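Student: Start counting the sequence shown at 31; every next residue gets the next number (the working numbering).
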Amino acid sequence: MATRAKILVIEDDRDSSEMLLEMLQMADYEVESARTADQAIAALTERRYAAALLDLTVKGATTAELVARLLKVLERPPIVIFSARMPDDLRRVAEQLSAAAVLRKPASMDLLLTMIERAVRPAA
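Right under this line is the structure:
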């Protein structure tokens, strides 16, 4: 039996986080969540993930502060940005983080799952 890929969902909105966790679990991923910048950095530093699903607006840090902290994580997983930010902000942040994918909210769950799968299994 293959090991399920572990995804970290970084999203501070409780309803959105719970919906994403449920959707990813149904797609057979192991999922953890972080609702603050501190929780996200701690999780990424302490554990290994196949990918991280990142909302750019989380409690405890501005987007710039969050990006700076993420860049210091040595073994950062592929990041899929899933945010309602404006396209210019998304493009700049995506380049800084070498994001695997960028999706603007709202996006279809099928598209989100496809982008997660590509991040988890690049060039498969």
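Quick reminder that beta carbons are idealized off the backbone N, C-alpha and C, glycines included.
These numbers come from a predicted model, not from an experiment.
Whose C-beta lies closer than 6 angstroms to the C-beta of Leu84 among residues of the same chain, with five residues either side of it excluded?
Tutor: Taking the first residue of the sequence shown as position 1, residue 84 is located at position 54. Contacts found: Ile40, Ile109, Ile111.
Student: In this structure, how does DSSP classify Ser47 when only helix, strand and coil are distinguished?
Tutor: As a first step, residue 47 must be located in the sequence shown, where it is residue number 17. Shown here, Ser47 sits in a helix according to DSSP, grouped into three states.
Student: Whole angstroms is fine: what's the gap from Thr33's alpha carbon to Leu127's?
Tutor: As a position in the sequence shown, residue 33 is number 3, starting the count at 1. As a position in the sequence shown, residue 127 is number 97, starting the count at 1. Approximately 26 angstroms, taken between the alpha carbons.
Student: Looking at the secondary structure, which residues open and close the beta strand (DSSP E) in which Ala15 lies?
Tutor: Residue 15 falls outside the range modelled here, since the chain spans only 31 to 154, and no answer is possible.
Student: Across which residues does DSSP place Arg134 in a beta bridge pair?
Tutor: Locating residue 134 in the sequence shown gives position 104, counting from the first residue. Its beta-bridge partners are Ser113.
Student: Distance check for Ala64 and Ala82, CA to CA, integer angstroms please.
Tutor: Numbered from 1 along the sequence shown, position 52 holds the residue referred to as residue 82. Numbered from 1 along the sequence shown, position 34 holds the residue referred to as residue 64. Straight-line Cα distance between these residues: approximately 10 angstroms.
Student: How about Thr87 and Arg44: do their beta carbons lie closer than 9 angstroms?
Tutor: By one-based count along the sequence shown, residue 87 stands at place 57. By one-based count along the sequence shown, residue 44 stands at place 14. Contact: no.
Student: Can you give the Cα-Cα distance for Ala98 and Ala130, rounded to whole angstroms?
Tutor: Indexing the sequence shown from 1 puts residue 98 at position 68. Indexing the sequence shown from 1 puts residue 130 at position 100. Between Ala98 and Ala130, the C-alpha separation is close to 18 angstroms.
Student: Pull up the CB-CB distance for Arg106 and Leu54, whole angstroms please, since I reckon it's below 8 angstroms.
Tutor: Taking the first residue of the sequence shown as 1, we reach residue 106 at position 76. Taking the first residue of the sequence shown as 1, we reach residue 54 at position 24. Arg106 to Leu54, Cβ: 19 angstroms. No contact.
Student: Just to confirm, are Val123 and Ile71 a CB contact at a threshold of 9 angstroms?
Tutor: Within the sequence shown, the letter at position 93 stands for residue 123. Within the sequence shown, the letter at position 41 stands for residue 71. The Cβ atoms of Val123 and Ile71 do not sit closer than 9 angstroms to each other.
Student: Beta-carbon within less than 6 angstroms of Val132's beta-carbon, same chain only, minus the 5 sequence neighbours each way: which residues are those?
Tutor: One-based indexing of the sequence shown puts residue 132 at position 102. Closer than 6 angstroms at Cβ, skipping near neighbours: Ile111, Leu120, Ala124.
Student: My guess is that Ala91 and Ala67 are in contact by the Cβ rule of under 8 angstroms, so how many angstroms apart are they, rounded?
Tutor: Reading the sequence shown from its first residue, position 61 is the one you call residue 91. Reading the sequence shown from its first residue, position 37 is the one you call residue 67. At roughly 4 angstroms, the Cβ-Cβ gap stays under 8 angstroms, so Ala91 and Ala67 are in contact.
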